[in-house]
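Residue numbers (our numbering), protein chains in the order written: chain A, 1194 to 1333; chain B, -17 to 1114.
Glycine included, each C-beta is placed from N, C-alpha and C at the ideal position.
None of the values given here were measured: they were computed from a predicted structure.
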Amino acid sequence: MFEPKIVAFFCNWCTYTAADLAGVSRMKYSPNVRIIRVMCSGRIDPELIVKAFEKGADGVIIGGCHPGDCHYQNGNHKTLRRYKLLKGLVEQFDIEWERLRLEWISASEGEKVQRVSNEFTEQIRVLGPIQMKGGRVVHG
Amino acid sequence: MGEIIELKGKGVPKVGVYICHCGFNIASKVRVDEVVDFAATLPNVVVARSNKYTCSDPGQEVIRKDIKEMGLDRVVVASCTPLLHEHTFRKTVETGGLNPFLFHMVNIREDVSWVTDDGDRATEKAKALVAAGVRRVLYQKPLEKRRAAIKSDVLIIGGGIGGITAALDIADSGKKVTLVEREPTIGGVMAKFDKTFPTLDCAACILTPKMTAVASHPNIKLLTFSEVKDVSGYIGDFRASIVKKPRRVIESKCTGCGECANVCPVYMPNAFDENLGMRKATYKPFAQAVPNVHTIEKTGTSPCTYTCPAGINAHGYVALASAGKYDEAFNLILESTPLVATLGRACYAPCEEECTRGELEGTVRIRRLKRFIADRYYENHPEPEYGPPDKELDKKVAIVGSGPAGLTAAYFLRKMGYQVTIFEKEPRPGGMLRVGIPEYRLPNDVLDRDIKNVLALGVGIQTYTEVKSLDDLRKKGFDAIFLATGTHGVRKMDIEGENLSGVVNCMEFLTSINYGKKTDLTGKTILVVGGGNAALDSARAALRLGARKVTIQYRRSRAEMPAFPEEIDAAEKEGITISYLTTPVKFEGEGGKLKYVQSVQMQLGEPDDTGRRKPIPIPGSESIANIDMAIIAIGLMPTTSPWAEQLNLNRDGTIQVDPETLQTSLPHVFAGGDVVLGPSIIVNAIGQGRRAAHYIDKYLKGEDLKATTFVFRSADMVSKHDVLTRSIITHAMSLPKKELPVDERITNFKEVEIALTEEEALKDTKRCLNCSVCSDCHLCKTICSAEAIDYGMKEEVIDVEAGVIIVTTGFKPFDPKRISAYGYGRFPNVYTSLEVERLVNSSGPTQGEVILRDGRKPERIGIIHCVGSRDKEYNQYCSKVCCMYSLKLAHLLKERTGADIYNFYIDMRTPGKGYEEFYHKLLEEGVHFVRGRVGEVTDWAVTAKEEGKLIIRVEDTLLGMVRRIPVDMVVLSVALEPQKDADDVRRLLNLSCSSEGFFLERHPKLAPVATFTDGIYIAGACQGPKDIPETVAQASAAAAQALSLVDRGYVELEPNTAYINSELCSGCHVCIAICPYGAITYNSEKKVAESNEVLCKGCGSCVAACPSGAIDQHLFENEQIINELEGVLSYV
Ligand code: FES
């Protein structure tokens, strides 16, 4: 079975805390999802997304606080705007935009971390390994 | 060591890796030794070890030793979440002699072992994360922690026992506290209790001394009736905007004597007593409230008052009358109009149309109450109680016309001190009130007494004087003129025979009657033409003069008829025929005297420019009838032609004015009432009279008329929906009409409407819903000797700076209406536990006597536990305090009533000092305990014994049978829920909430009062259900934490700020716009952006936004993250 590699950029304040809650509550979810903590979802540089795919990720999740709840006033609004651009950007590399997912997960939503991780892993499993422009199989 | 990575110019850093077993927490899933072996192969790793508990002292010591002995340059610890121990290990590394930021923590517990089923995959994931950590740490740089000063003041939100405790703890240490409470008093829910469990201490006796201590503490600034609306800033430097709602009582002046509440006529359900008792609109929630001051509750302007075009405070006089203060009520009306009794009779009462009670059983009879008030006052006061004003001004004002507009303007201008003269062309003053309204609606002596209210001020009046030339008045020395001559002309029909004798116009007809010229119409047939009030009045007057048959012809249908429906009904009742869609086309006579009328039927066509459908004659529908007299009442119009040269007039003859100021085209001439509006209603004319007086005064003072606008209303209208849903509304039938029987009235001009008796009037005033709560009757202001009442008080915004915030906003009780099977709200004798707290409280609505809503005393009482708790439908959690407070209430109810008490419980939960003992005491007292969740409460009796009782149906799980237990009273032990607006507070303060909505603590075990937002602490029931001792303990804990921060004087901030590489910066400004903290500025000399590390909070948004890649973030550099990625994606 294809085991996709998934990177999750989670903001420190809501989503990373939610992942901690999922852990404390012993909610099992797909080990394919690997979390990188940043302070705010607004920190997610387009370069990081491109690099993630380039280095072999089959899917990327961006997790931030719900709209209005960002620890830094409105970092997640910027993320939302950037997300639209990012989808276009990854498509330029012939990567299906569905491989990039944005989720608002609050500190109390440990269960949502579990659900999103499992759902996304399955979705990427269906999409299969990534193929980059020029037919170059990067990995898989 | 595997691969070796050399950093540019920094050599080859040596890395030590430490993998933690965390007892079994990690080791049960992750094969730690395998990870250690793997780590040893990673680039630059010189040592990899495992430890049972890395965070333990020996665990930390190993790291310190390795740093020293092996010369480590970087350290990676793979254990639990960095949110728990990053701090610990940074310290370890630092004390070991390394910069603490050359350390990275990898989470293989919350992110791996606890969330992964499979050991192989867990181990694989742990390896990847460790690889990521090792790669990342290589690129980390030494950093300095930043320090920020902490303001020493503390802000506490919520003034219950938690907030009070924290405030006193902090204030006693010498620090300043601002305590904000949204209710008028502090004390919270505890203040409602009679006794506390399990000691049965008197709640007030232990709470109120603390409350007063807060009020008198020099270090506490208490803001009650206030809410925090905005919070900005960060730990050490918060700024809060606090809105102090207008209490309408000046706190510093109020002595709490309570005279204001004594005189206040408005009763409201007392929310502090859970609406079981009543309080006044001016109130103090309870006797020992802190601060010891009153509050006037006002929610806007009542619909009646708001609607009145004359700005008369209808709610106010109804409220005063309800308290039997009839003279005060009269004087309140007199503040807005001199024509009190006239309005009490002839006003068409727009207020009643808006009355909220009208949405229920029918409007409060506001107009008739006004008549009652006026009649009663005039009976005792044949003359006004006042004379000319104290202050005399020398400016002179001429008022032309003595109708409602003219009289009102004269009244107000004279009260201001102006020399006022009224010019009236008729023999007696009153205008349309005198000549247009027959005596059966408005007796002449009543009008005369009203006019005395004007004349007593020393207003001059010249009757028989028609003003033709405005210049003449000016020459006579009048500085301003107000034209209010009404509409006394009647439009002509322009049909054949209109000049025959016997054809009259309604104004001539009504005027002659009102001046006592009672033409005998016995046996005559009368036709009235028109559909307005003047037509109706003419017809009814003709009938009273003996006419045999009176017919009204109106050319449209009833729907378009401008007369007021009540008048039409009355006319029909008196036997007047109204022929709709009919109009005369020709009058015929014999010897110059009217004999016949030829009429035609009409049908309604397209709407005309007034929006009404235009009547069109139906050809061939003509008919002829015999008549003796025709009264033409097809439209009233002003008679302004003499002034046509001097003023701008409209086509219909009305005077053109500025609608706001009522000034005409001549600056010194103002006009108002019907002469401006066209035929209208009395209150409109009065409103215009008031408006004119206001602007004439400004004009005479030489002020700019346009500088302000004139409004009667002090506040927006309250929403009727809010009134109808706000609390218990008692049903009350409306008063029927009371009139002379038809045959007793149609032969004379006696007043048709019969006055209300005092009893009826009082009863009707009690139906008033007091929509705006305070009625603006002003009694309290009159009585308050401290001059503490300020009706105009405005919302005040107070800015507070604080280093630390403590949130103690408490809980809200569960609304048991949500469980309909328990019948709360349907059965009066079903109570919530909080209601019973008030019922057994000696200072409660019944002074502690347990009397049911139906007046009985209960002999059997059922207490249902867990209402809204431990139930997936509502709240899954246990509310923790209900078992104990149910036991307390059982004890108190038994003590007060001697009743048989049943407790229905699922499990008894009594952990706590003395709690289990209390339970046993209750068992010994003979209270019954039935184990089982109650299915329903019903009033459906199946045996005689159950008749009139509430029946509790429950499955007794100990007996294994369903039981029906009849009781007189049911007490619902309701759950504790998060406050309704907890989510707003969460957003305001950037807190997190648990899924139930309680505020989330930083760590459930180790940081129970801290939050994820540094510098903000929580305590008490806002964090989850808890009892008083626990709340107090948490409050003290929060206070201690706040003090420890404040005492240190500074906080250490993460050095994760953004920095700009000026060589790469293109000066595009994108980052400047994106930074929410204004931390980036543009250096126009160097043409680059510069960041201010002090203001930067470290979100990193600018890094992501910079198109040139010129910005990076310490601790989260792109290079570091990309290397972390590399590791994360390396599968082994
Ligand atoms: S802090 Fe979570 S999205 Fe900004």
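Can you tell me where the beta strand (DSSP E) with residue i in it begins and where it stops?
{"i": "Arg56(B)", "result": "56 to 61"}
{"i": "Gln1115(B)", "result": "The structure shown does not extend to residue 1115(B), since chain B spans only -17 to 1114, so no value can be given for it."}
{"i": "Pro589(B)", "result": "575 to 589"}
{"i": "Arg842(B)", "result": "842 to 849"}
{"i": "Glu570(B)", "result": "564 to 572"}
{"i": "Asn89(B)", "result": "85 to 89"}
{"i": "Gln42(B)", "result": "That residue, Gln42(B), is in no beta strand (DSSP E); its alpha helix (DSSP H) goes 39 to 52."}
{"i": "Ile495(B)", "result": "Not the beta strand (DSSP E): Ile495(B) falls in the alpha helix (DSSP H), residues 488 to 496."}
On the three-state DSSP scale, how would you describe residue i?
{"i": "Lys226(B)", "result": "strand"}
{"i": "Trp625(B)", "result": "helix"}
{"i": "Asn1269(A)", "result": "helix"}
{"i": "Gly471(B)", "result": "strand"}
{"i": "Phe1334(A)", "result": "Not covered by the structure: residue 1334(A). The range shown for chain A is 1194 to 1333."}
{"i": "Lys(-10)(B)", "result": "coil"}
{"i": "Val1330(A)", "result": "Reliability fails at Val1330(A), whose pLDDT of 43 lies under 50, so the model's placement of it is uncertain and the value that follows must be treated cautiously. Reduced to three states, the DSSP call for Val1330(A) is strand."}
{"i": "Leu1025(B)", "result": "helix"}
{"i": "Cys2(B)", "result": "strand"}
{"i": "Glu1127(B)", "result": "No answer is possible for residue 1127(B): it lies beyond the span of chain B, which begins at -17 and ends at 1114."}
{"i": "Glu365(B)", "result": "coil"}
{"i": "Ile1298(A)", "result": "coil"}
{"i": "Gly145(B)", "result": "helix"}
Compute the beta-carbon to beta-carbon distance between residue i and residue j, rounded to the nearest angstrom, for a pair I have assumed lies under 8 Å.
{"i": "Ile1042(B)", "j": "Ala1092(B)", "result": "6 Å"}
{"i": "Gly1082(B)", "j": "Cys1233(A)", "result": "6 Å"}
{"i": "Val248(B)", "j": "Cys756(B)", "result": "7 Å"}
{"i": "Thr147(B)", "j": "Val1014(B)", "result": "5 Å"}
{"i": "Ile139(B)", "j": "Ile787(B)", "result": "7 Å"}
The alpha helix (DSSP H) that contains residue i, what's its start and end?
{"i": "Ile188(B)", "result": "185 to 198"}
{"i": "Phe886(B)", "result": "No alpha helix (DSSP H) contains Phe886(B), which is instead part of the beta strand (DSSP E) from 882 to 887."}
{"i": "Asn201(B)", "result": "Unbroken run through Asn201(B): none, as it is neither H nor E."}
{"i": "Met398(B)", "result": "386 to 398"}
{"i": "His67(B)", "result": "64 to 77"}
{"i": "Ser1083(B)", "result": "1083 to 1087"}
{"i": "Phe652(B)", "result": "Per DSSP, Phe652(B) belongs to no alpha helix (DSSP H); it is in the beta strand (DSSP E), 651 to 653."}
{"i": "Thr287(B)", "result": "285 to 289"}
{"i": "Arg820(B)", "result": "815 to 821"}
Spell out the partners DSSP gives residue i in its beta bridges.
{"i": "Cys1204(A)", "result": "Val1231(A)"}
{"i": "Asp781(B)", "result": "Ser223(B)"}
{"i": "Cys975(B)", "result": "Phe981(B)"}
{"i": "Arg261(B)", "result": "Met250(B)"}
{"i": "Val949(B)", "result": "Leu932(B)"}
{"i": "Met414(B)", "result": "Met414(B) is not bridged to any residue."}
{"i": "Thr912(B)", "result": "Checking the displayed sequence, the identity of residue 912(B) turns out to be Val instead of Thr. Answer is Phe886(B), bridged to Val912(B)."}
{"i": "Val213(B)", "result": "Ala222(B)"}
{"i": "Ile278(B)", "result": "Thr264(B)"}
{"i": "Ala992(B)", "result": "Tyr999(B)"}
Residues within the segment 1211 to 1239 of chain A neighbouring chain B, beta-carbon criterion of under 8 Å: Within the segment 1211 to 1239 of chain A, the residues whose Cβ lies closer than 8 Å to some Cβ of chain B are Ala1212, Asp1213, Ala1215, Gly1216, Val1217, Arg1219, Met1220, Lys1221, Tyr1222, Pro1224, Arg1227, Ile1228, Ile1229, Arg1230, Val1231, Met1232, Cys1233, Gly1235, Arg1236, Ile1237, Asp1238, Pro1239, listed in chain order.
Interface positions of the segment 1265 to 1277 of chain A facing chain B (Cβ-Cβ less than 9 Å), listed along the chain: Those residues of the segment 1265 to 1277 of chain A that come within reach of chain B (Cβ to Cβ, closer than 9 Å) are Tyr1265, Gln1266, Asn1267, Gly1268, Lys1271, Thr1272, Arg1275.
Residues within the segment 1062 to 1091 of chain B neighbouring chain A, beta-carbon criterion of under 8 Å: Answer set for the segment 1062 to 1091 of chain B: Lys1079, Gly1080, Cys1081, Gly1082, Ser1083, Val1085, Ala1086, Ala1087, Gly1091.
Contact set between the segment 111 to 123 of chain B and chain A, restricted to residues whose Cβ is under 7 Å from the partner: Shown in chain order are the members of the segment 111 to 123 of chain B whose Cβ falls below 7 Å from a Cβ of chain A: Leu111.
Near-chain A residues of the segment 78 to 111 of chain B (beta-carbon distance less than 8 Å), N- to C-terminal order: Correct list: Asn89, Arg91, Glu92, Asp93, Val94, Trp96, Val97, Thr98, Asp99, Asp100, Arg103, Ala104, Glu106, Lys107, Ala110, Leu111.
Interface residues of the segment 1038 to 1052 of chain B facing chain A [CB-CB below 7 Å]: Within the segment 1038 to 1052 of chain B, the qualifying residues are Asn1038.
Chain A contacts made by the segment 965 to 981 of chain B, where a contact means CB separation under 7 Å: Within the segment 965 to 981 of chain B, Arg969, Asn972, Ser974, Cys975, Ser976, Ser977 place their CB atoms closer than 7 Å to a CB of chain A, listed in sequence order.
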